[in-house]
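K.L.:
Quick one: the structure is below, questions incoming.
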Amino acid sequence: QWLSDRKKRALQKKDVDIRRRIELIQDFEMPTVSTKIKVSRDGQYIMAVGTYKPRIRCFDTYQLSQKFERCLDSEVVTFEILSDDYSKIVFLQCDRFVEFHSQHGHYYRTRIPKFGRDFSYHYPSCDLYFVGASSEVYRLNLEQGRFLNSLQTDASESNVCDINPVHFLFATGTAEGKVECWDPRTRNRVGLLDCALSSVTADTEIDGLPSISALKFDGALNMAVGTSTGQVLLYDLRSSNPLIVKDHHYGLPIKSIQFQRQLDLIISADSRIIKMWNKDTGKIFTSMEPEFEINDVCLYPNSGMLMTANEAPKMNIYYIPVLGPAPKWCSFLDNLTEELEENPESTIYDDYKFVTRKDLENLGLAHLIGSSLLRAYMHGFFMDIRLYHKAKMMANPFAYEEYRREKIRQKIEETRAQRVQLKKLPKVNKELALKLIEEEGEEQQVTRKRKQKNLPSLLKDDRFKVMFENPDFQVDEQSEEFRLLNPLVSKISEKRKRKLKLLEELEAQEQEEEEEPEGKTSDAESSESSDDEKGWVEEVRKQRKLLRQEEKVKRQERFKEDQQTLLKPQFFEIKEGEEFRSFKDSAKKQKLMKKTLGDRLKLEEKLGTLNVSDTTVGSKQATFKLKKSEQQKKQQEAEKQHRQERKTLRRSASHLKSKRGRGRLFH
Numbered sequence: 001q002w003l004s005d006r007k008k009r010a011l012q013k014k015d016v017d018i019r020r021r022i023e024l025i026q027d028f029e030m031p032t033v034s035t036k037i038k039v040s041r042d043g044q045y046i047m048a049v050g051t052y053k054p055r056i057r058c059f060d061t062y063q064l065s066q067k068f069e070r071c072l073d074s075e076v077v078t079f080e081i082l083s084d085d086y087s088k089i090v091f092l093q094c095d096r097f098v099e100f101h102s103q104h105g106h107y108y109r110t111r112i113p114k115f116g117r118d119f120s121y122h123y124p125s126c127d128l129y130f131v132g133a134s135s136e137v138y139r140l141n142l143e144q145g146r147f148l149n150s151l152q153t154d155a156s157e158s159n160v161c162d163i164n165p166v167h168f169l170f171a172t173g174t175a176e177g178k179v180e181c182w183d184p185r186t187r188n189r190v191g192l193l194d195c196a197l198s199s200v201t202a203d204t205e206i207d208g209l210p211s212i213s214a215l216k217f218d219g220a221l222n223m224a225v226g227t228s229t230g231q232v233l234l235y236d237l238r239s240s241n242p243l244i245v246k247d248h249h250y251g252l253p254i255k256s257i258q259f260q261r262q263l264d265l266i267i268s269a270d271s272r273i274i275k276m277w278n279k280d281t282g283k284i285f286t287s288m289e290p291e292f293e294i295n296d297v298c299l300y301p302n303s304g305m306l307m308t309a310n311e312a313p314k315m316n317i318y319y320i321p322v323l324g325p326a327p328k329w330c331s332f333l334d335n336l337t338e339e340l341e342e343n344p345e346s347t348i349y350d351d352y353k354f355v356t357r358k359d360l361e362n363l364g365l366a367h368l369i370g371s372s373l374l375r376a377y378m379h380g381f382f383m384d385i386r387l388y389h390k391a392k393m394m395a396n397p398f399a400y401e402e403y404r405r406e407k408i409r410q411k412i413e414e415t416r417a418q419r420v421q422l423k424k425l426p427k428v429n430k431e432l433a434l435k436l437i438e439e440e441g442e443e444q445q446v447t448r449k450r451k452q453k454n455l456p457s458l459l460k461d462d463r464f465k466v467m468f469e470n471p472d473f474q475v476d477e478q479s480e481e482f483r484l485l486n487p488l489v490s491k492i493s494e495k496r497k498r499k500l501k502l503l504e505e506l507e508a509q510e511q512e513e514e515e516e517p518e519g520k521t522s523d524a525e526s527s528e529s530s531d532d533e534k535g536w537v538e539e540v541r542k543q544r545k546l547l548r549q550e551e552k553v554k555r556q557e558r559f560k561e562d563q564q565t566l567l568k569p570q571f572f573e574i575k576e577g578e579e580f581r582s583f584k585d586s587a588k589k590q591k592l593m594k595k596t597l598g599d600r601l602k603l604e605e606k607l608g609t610l611n612v613s614d615t616t617v618g619s620k621q622a623t624f625k626l627k628k629s630e631q632q633k634k635q636q637e638a639e640k641q642h643r644q645e646r647k648t649l650r651r652s653a654s655h656l657k658s659k660r661g662r663g664r665l666f667h
């Protein structure tokens, strides 16, 4: 899909594998999206509608190519092939128009009163039944060329409709989750099914009222109904209760329902998945989940071929040999599937290598991101396999030597596996590991006698793996807690230490020599356990005495260190703008900080810096007066002096002016 048409043609000449690739119908695709797909009754023509621009494409299966393409004025909601071939087609468009096409092209166009959602053709009377955003079902007679009296339903809107191919019963699915059945001969309603109520079972979880989104008849008596919440209900027309309710478990509306009569299967599809299940038992036969969202599913009649219209340019074709034989126009598929079963196809790209961003950085090719040499895919990139091999050779020229060493190491390990295996202990907590191994051996013997199941080992459990790898988890046997809790460990630990020494010596000999010396056994000593209470008490007393002696020694050492150290005077610096009063202030502050909030508030009330009063609402109101620092007090005093000086200057100036005025008057 990355290559241009010219390069594809060039590859077809050179590459044998590309020549063998199957393209059933040439250019079986739409420009952007395909919405509906149908097969003509004679099986020769496959018609599909899609966008953009709105168009219909007709593919001839006998020629395995496109026969014609016609563009339309607006998008197609659904369409129906009235004739056996492509000569008579009816389109229901999104702008309420109904368009008729004949063999040569556009024939006639008319309009329905409300927006349509689906329609069905009644062959005996040549009537088209339209349902949509209205409570009425509009009837258009193609023989007379005029609209007839519409059918009045109890629903506010109708989503889908279908006509039974045997007795021509007309059924419509409503937005309220009901199916109304009408007799076209008398134009009266003959039945009503409440599918919304029947779709709610003990296992299903439904958000909102289920409406009918798909409807399909099978034979004279069976009818399948799909809901907008992802359930498929199979009915017998003689009963108001469903025979089976199948849930897709996606909560998405059912888009298409098809019947496969050879194996008694129902093929139901929502926008994400196609499910095939037995209509008698409800057991899943198989399911398919395409890459893109599904819009419509079409089953080629009397075969195992399935076609889908989806939210992508390419329309998918699936062939399932179990469902039936291949169609006549592609009968070679039966032989190919037999060969594919014998030689399963690999999913690996031969010409491309998938690399992550980290791999590119290791190879020194991170600068190629965004260029044509790398194709972005999922969490990484596809690159040419030749470029990958060259870059790897340059990044790591000694790769062959490493590969050779690895192979030699694997061969040596294979030969070692045939020898007598020693118990390999971890680097951290070796004694604890040895203890666990011994306990496991004893437990295995007990379980064999009692025929019980073995419990999981701590050494093999991933949750406790760090305890035998990280040195931070090393058990400190010299700590006070360990010695008091495990007074008898000292005796047992000596035996384990001997075992550890033996194991270490054997491992060292194994590394030096190629063959293991025979005759040495790790389980040479017998394990003895003393459970007498007297011995345990004596051991605890001894450990306590030892701990007291150690504490005395530590105290003496500390006392000597304190005598040797000389006390030096400490000097403290006072901040600028603050005066040193005494250490009593700091002591007062510390006392205040220790008091509760209630005591501090009482003190503040006495001093007058806090005032607590009751409000009209019933709550408390507290007002505070902030204490002024020494610097602020000095500033205020300086401001007061400045104001007084200015006042005195103003008074003296006004006095002088009055004197001068009097002197002028005397002159």
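Each residue of the sequence shown is one higher than the one before, starting from 1 at the first, in the UniProt record's numbering. By construction, the Cβ of each residue, glycine as well, lies at the ideal position given by its N, Cα and C atoms. Note that the coordinates shown come from a computational prediction; the quantities given were computed from them, not determined experimentally.
Taking the alpha carbon of Val33 as the point to measure from, which residue in Val76, Ala653, Ile273, Lys591 has its own alpha carbon closest?
P.N.:
On the sequence shown, residue 33 is found 33 positions in, with the first residue counted as 1. Nearest option by C-alpha distance: Val76.
K.L.:
Would you give the residue range spanned by the alpha helix (DSSP H) that Asp351 belongs to?
P.N.:
Translated into the one-based positions of the sequence shown, residue 351 becomes position 351. First-last for Asp351: undefined, no H or E at that position.
K.L.:
How many angstroms separate the CA atom of Glu311 from the CA atom of Glu291?
P.N.:
As a first step, residue 311 must be located in the sequence shown, where it is residue number 311. As a first step, residue 291 must be located in the sequence shown, where it is residue number 291. Roughly 9 Å separates the two Cα atoms.
K.L.:
Which first and last residues belong to the beta strand (DSSP E) in which Arg55 is found?
P.N.:
Position 55 of the sequence shown, counted from the start, is the residue given in the question as residue 55. That run of the beta strand (DSSP E) goes 55 to 60.
K.L.:
Just to confirm my understanding: we take Arg96, look at its own chain, exclude 5 residues before and 5 after, and list those with CB closer than 8 Å. What are they?
P.N.:
For the purposes of this step, residue 96 is taken as residue 96 along the sequence shown, with counting starting at 1. Result list for Arg96: Arg111, Ile112, Pro113, Lys114, Phe115, Gly116, in chain order.
K.L.:
Please identify the residue among Leu265, Asp194, Gln258 whose C-alpha is closest to the C-alpha of Leu241.
P.N.:
Taking the sequence shown and counting its residues from 1, one reaches residue 241 at position 241. The amino acid at residue 241 is misidentified as Leu; the sequence shows Asn. Cα-wise, what sits closest to Asn241 is Asp194.
K.L.:
For Ile25, list the residues DSSP reports as bridge partners.
P.N.:
Taking the sequence shown and counting its residues from 1, the one referred to as residue 25 is at position 25. Ile25 pairs with nothing; no bridge assigned.
K.L.:
Please return the same chain residues whose Cβ sits closer than 7 Å to the Cβ of Cys298, not counting the five positions on each side in sequence.
P.N.:
The residue you call residue 298 lines up with position 298 of the sequence shown. Only Ile37, Lys38, Val39, Met307 meet the Cβ criterion.
K.L.:
Taking Leu148 and Asn159 to be in contact with their CB atoms under 8 Å, please state how far apart those CB atoms are, rounded to whole angstroms.
P.N.:
Mapped onto the sequence shown, residue 148 falls at position 148. Mapped onto the sequence shown, residue 159 falls at position 159. Rounded to whole angstroms, the Cβ separation of Leu148 and Asn159 is 22 Å, and the two are not in contact under 8 Å.
K.L.:
Between Asn611 and the ligand MN, is the CB less than 7 Å from at least one heavy atom?
P.N.:
What this structure holds is no ligand at all, so the ligand MN is not there to describe.
K.L.:
In this structure, how does DSSP classify Leu458 when only helix, strand and coil are distinguished?
P.N.:
Start at 1 with the first residue of the sequence shown, and residue 458 comes out as number 458. Residue state, collapsed to three classes: coil.
K.L.:
What number of angstroms, rounded off, separates the C-alpha of Phe28 from the C-alpha of Glu413?
P.N.:
One-based indexing of the sequence shown puts residue 28 at position 28. One-based indexing of the sequence shown puts residue 413 at position 413. Going from the Cα of Phe28 to the Cα of Glu413 covers about 56 Å.
K.L.:
Specify the secondary structure class of Thr609 as computed by DSSP and reduced to three states.
P.N.:
Counted from its first residue, the sequence shown places residue 609 at position 609. Assigned with DSSP and collapsed to three states, Thr609 falls in coil, not helix or strand.
K.L.:
If you follow the beta strand (DSSP E) that Lys275 is part of, which residue opens it and which one closes it?
P.N.:
Start at 1 with the first residue of the sequence shown, and residue 275 comes out as number 275. Element bounds for Lys275: 274 to 278.
K.L.:
Could you check if Val225 is buried or exposed, using at least 16 other CB atoms within 10 Å of its CB as the buried criterion?
P.N.:
Residue mapping note: residue 225 aligns to position 225 of the sequence shown, counting from 1. So Val225 counts as buried.
K.L.:
Going by beta carbon distance, what residues of the same chain come within less than 6 Å of Met467, once the five residues before and after it are set aside?
P.N.:
Within the sequence shown, the letter at position 467 stands for residue 467. Answer for Met467: Phe473, listed in chain order.
K.L.:
Can you grab the Cα-Cα spacing for the pair Gln621 / Val612, in whole Å?
P.N.:
By 1-based counting over the sequence shown, the position of residue 621 is 621. By 1-based counting over the sequence shown, the position of residue 612 is 612. When rounded, the distance between both Cα atoms is 6 Å.
K.L.:
Identify, in the order they occur along the chain, each residue of the same chain with its Cβ nearer than 7 Å to the Cβ of Leu458, setting aside the five sequence neighbours on each side.
P.N.:
As a position in the sequence shown, residue 458 is number 458, starting the count at 1. Correct list, in chain order: Leu436, Phe464.
K.L.:
Measuring straight from C-alpha to C-alpha, what distance separates Ser135 and Thr186?
P.N.:
Here residue 135 refers to the residue found at position 135 of the sequence shown. Here residue 186 refers to the residue found at position 186 of the sequence shown. Going by the C-alpha atoms only, they are around 19 Å apart.
K.L.:
With a threshold of 8 Å, are at least 3 pairs of Cβ atoms found where one atom belongs to the region 327 to 339 and the other to the region 351 to 364?
P.N.:
no
K.L.:
Assuming the contact rule is C-beta atoms closer than 8 Å, Phe91 and Asp162 should be a hit. Round their C-beta distance to whole Å, please.
P.N.:
In the sequence shown, the residue the question calls residue 91 occupies position 91. In the sequence shown, the residue the question calls residue 162 occupies position 162. Contact between Phe91 and Asp162 does not hold, since their C-beta atoms are separated by about 18 Å, which reaches or exceeds 8 Å.
K.L.:
I'd like to confirm the pairing. Which residues does DSSP put opposite Gln474 in its beta bridges?
P.N.:
Numbered from its first residue, the sequence shown carries residue 474 at position 474. According to DSSP, which records beta bridges pairwise, Gln474 is partnered with nothing at all.
K.L.:
Of the choices Tyr62, Ala10, Cys71, Asp42, whose alpha-carbon is the least far from that of Met30?
P.N.:
Taking the sequence shown and counting its residues from 1, one reaches residue 30 at position 30. The residue with the shortest Cα to Cα distance from Met30 is Cys71.
K.L.:
Please identify the residue among Val200, Leu425, Lys283, Ala587 whose C-alpha is closest to the C-alpha of Glu505.
P.N.:
Looking up residue 505 in the sequence shown gives position 505. Looking at the Cα atoms, Leu425 is the closest of the given residues.
K.L.:
For the beta strand (DSSP E) holding His101, just list the boundary residues, first then last.
P.N.:
Reading the sequence shown from its first residue, position 101 is the one you call residue 101. Element bounds for His101: 97 to 101.
K.L.:
Taking its Cβ as the centre, do 16 or more other Cβ atoms sit within 10 Å of Pro517, making it buried, or is it exposed?
P.N.:
Position 517 of the sequence shown, counted from the start, is the residue given in the question as residue 517. Residue placement at Pro517 cannot be trusted, given a pLDDT of 40 that sits under 50; what the coordinates show is reported in the next sentence. Counting Cβ neighbours within 10 Å, Pro517 comes out exposed, since fewer than 16 surround it.
K.L.:
Which residue marks the beginning of the alpha helix (DSSP H) containing Lys358, and which one marks its end?
P.N.:
If you number the sequence shown from 1, residue 358 lands on position 358. Where Lys358 is concerned, the enclosing alpha helix (DSSP H) stretches over 357 to 363.
K.L.:
Could you spell out the range, first to last residue, of the beta strand (DSSP E) harbouring His122?
P.N.:
Indexing the sequence shown from 1 puts residue 122 at position 122. Element bounds for His122: 116 to 122.
K.L.:
What does the alpha-carbon distance come out to for the pair Phe332 and Ile274?
P.N.:
As a position in the sequence shown, residue 332 is number 332, starting the count at 1. As a position in the sequence shown, residue 274 is number 274, starting the count at 1. Spanning the two alpha carbons is a distance of roughly 26 Å.
K.L.:
Please look up how many angstroms separate the CB atoms of Ile206 and Thr174, rounded, as I've assumed it's under 8 Å.
P.N.:
Position 206 of the sequence shown, counting from 1, holds the residue named residue 206. Position 174 of the sequence shown, counting from 1, holds the residue named residue 174. About 17 Å separates the two Cβ atoms, so there is no contact after all.
K.L.:
To which residues of the same chain is Ser530 closer than 6 Å at the C-beta, ignoring the five residues directly before and after it?
P.N.:
The residue you call residue 530 lines up with position 530 of the sequence shown. In this prediction, Ser530 has a pLDDT of 45, which is less than 50 and means its spatial position is unreliable; nothing more can be read from the coordinates.
K.L.:
Quick check: Thr153 and Phe119, are their CB atoms within less than 8 Å of each other?
P.N.:
Reading the sequence shown from its first residue, position 153 is the one you call residue 153. Reading the sequence shown from its first residue, position 119 is the one you call residue 119. It is not a contact, given that the beta carbons lie outside the stated cut-off.
K.L.:
In three-state terms, what does DSSP make of Thr648?
P.N.:
Taking the sequence shown and counting its residues from 1, the one referred to as residue 648 is at position 648. Note: Thr648 maps to helix in three-state DSSP.
K.L.:
Any chance you could list the alpha helix (DSSP H) runs of at least 4 consecutive residues sitting entirely within the region 140 to 209, in chain order?
P.N.:
195 to 199
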